[in-house]
Each structure stands twice: as C-alpha cells, then as structure tokens.
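Every position in the sequence shown, counted from 1, becomes a number in my numbering once 403 is added.
The C-beta atom is built at its ideal place from N, Cα and C for all residues, glycine as well.
Just so it is clear, the structure is predicted and the values come from calculations on it, not from any experiment.
One structure is given below, encoded as structure tokens.
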Amino acid sequence: MGTGKRAGAAAWANVDGARAARRDRAAATWIAWCLVLALGCSKKDPEPAAPGAEAAAPTPTPSAAPSATVASPGGDAGDEPVDPSTPVGALNLSERFAREAQSRPKGIVRAEDVFEAFKAAGATFETPKQHLGSFFKASYCVGTKNPDTAFVIDLCEYPDAKAAKEGKAMSQKSLAAITGRQLYVNGGTMLTLRLGKETPENLALAKKLAGVFAKLKPAPPPAAAPAPAASAKH
C-alpha cells in the first residue's frame, strides 16, 4: 500500500474511533443520569428502547401530590414470569424488569420496608418506581424523589453484605462526578440519597433517614405451615 493510501486509511480509522468514543460517552452519560435520578430508567409500559440507546434521558414529570406507595415483595402485579434460563441479552426491557422483580434476595432489609420507615419518619416522596439493578450489579433496585426539593431516594437489594459493599464502591467510582450523593449499606441493602439542593432542611433529612436505615432489620421469614395432624387409626 502506498504512503497516500496508508495515510488515508489511518485518517478514516481516526474518524471512526472518534465517532465510537462520542457514542460511548453519550451512552455512559445517559445511563449515569438515569441511575442518579432513579426514575429515568423506571418501569414504564410500553418501553420501546433498551438502556444504552443513543437518546436523550427523559425528564421525570413532577407529581402534584407526592406519596409513598410501595411495591409488593414479588414485584409489580401483572408481571408475567420470565424463564430463568433465557439469556439476559434475549430479554426486552419489560422482561428484564420482571426477572429482577422475581429474583429479589431473601433475608435482607426490603426496599418497601425502608420506604415505609422513611414515610413514618416524615419523608414525603412520589410513588417508588423500579429501575434496572444490573447497572449497579444489584438483584433489584427501586427509587423515588420529592419533586419539590429534588431529594432522591434509591434502594438496591443484593444477595449479601459483601455484594452490597461492592455495589457501593462501584457506584461511588462510576458516578464520582455527581455531587450531593450519600451512600449507605445495611446488610444486603444499599441506600443512595441525592440531596439535590443542599439546604439545611435536606441535610437534616438525609441525616435522619440514614439513621433510620441503619436501625432496620430484615423481616423475619414466614412461619412454617403446621404439619397436618395424623389421622386416627380405627
């Protein structure tokens, strides 16, 4: 190949590399903001695009009356069971949400129990919405916010404390550029608070919620069904 051809090929390779880098940066930025807001990748029906698509992050719509309705332990009602043998890459977004909701770990502090405890402590927020936990290497994640103060609460469930600590470290590293984030781990559950506006009220609320979270214990397992009584012999 002549010098001119080699130079031309190198120039095109540089152009292609620059384009790929721009695509990667755009996708990474979109995913990061989805996770920080805890609502941008929330479960919605229908959902035409999978995460990582080159599109602008949707803007959450504030709720007129923040509330705290917590999902049931089994996930959203109406979710169809997903075959556990199906590769993740073959699942659409709704199926990935369903699989994570069906694979929640046992013996940890449940997200819905945390939200109820926060509500009892005086926090107000929108209805929590599930978002993909796989970005944080979590089994299941759900988040919410107070639209008036931009105070975000995000909870992720892991199989055990070790996995939760690893998820916390990854989150701190990958989203280090995002300010106002506070992360806590209680057993296999990770709490992320994003203050939005670092007002005295938000700082006091974050401290209060962190204390409430630290004191929560896993719900006891359901009692075993009593053994059937032996029938009398005649």
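- The Cβ atoms of G599 and V555 lie closer than 8 Å to each other.
- About 15 Å separates the beta carbon of S574 from that of S542, a gap too long to meet the 8 Å contact definition.
- Residue state for R597 is assigned as strand, using DSSP reduced to three classes.
- Taking K548 as reference, the option from S497, K532, N495, L619 with the minimal CA-CA separation is K532.
- Using a 10 angstroms sphere on the CB of V545, the tally of other CB atoms reaches 16 or more, which defines it as buried.
- Taking 8 Å as the cut-off, the beta carbon of A567 is found closer than this to the beta carbon of T592.
- Per DSSP, R499 lies in no beta strand (DSSP E) segment; the continuous alpha helix (DSSP H) that holds it begins and ends at 496-505.
- By the Cβ test, the segment 577-586 is in contact with the segment 595-609, since at least three Cβ pairs between them sit closer than 8 Å.
- Taking the Cα of T527 as reference, the smallest distance to any Cα among V517, H534, L494, G536 is reached at V517.
- G570 is positioned such that its CB atom lies closer than 8 Å to that of F539.
- For L558, the enclosing beta strand (DSSP E) covers residues 554-560.
- The shortest C-alpha to C-alpha distance from A617 to any of A609, N495, P623 is the one to A609.
- Boundaries of the alpha helix (DSSP H) around V517: 514-523.
- Taking a C-beta distance under 8 Å as the contact criterion, V512 and P629 do not qualify as a contact pair.
- Excluding the 5 residues flanking it on each side, V615 has same chain C-beta neighbours closer than 6 Å at A520, A524, in chain order.
- Counting the other Cβ atoms within 10 Å of the Cβ of A579 gives fewer than 16, which makes it exposed.
- Around the beta carbon of N605, a 10 Å sphere encloses 16 or more other beta carbons of the protein chains shown; the residue is thus reported as buried.
- Ranked by Cα distance from E515, the first of R502, P562, A501, T530 is T530.
- Nearest neighbour of E498 by Cα position, chosen from T552, P508, A564, V485, turns out to be V485.
- DSSP links G546 through a beta bridge to K532, D557.
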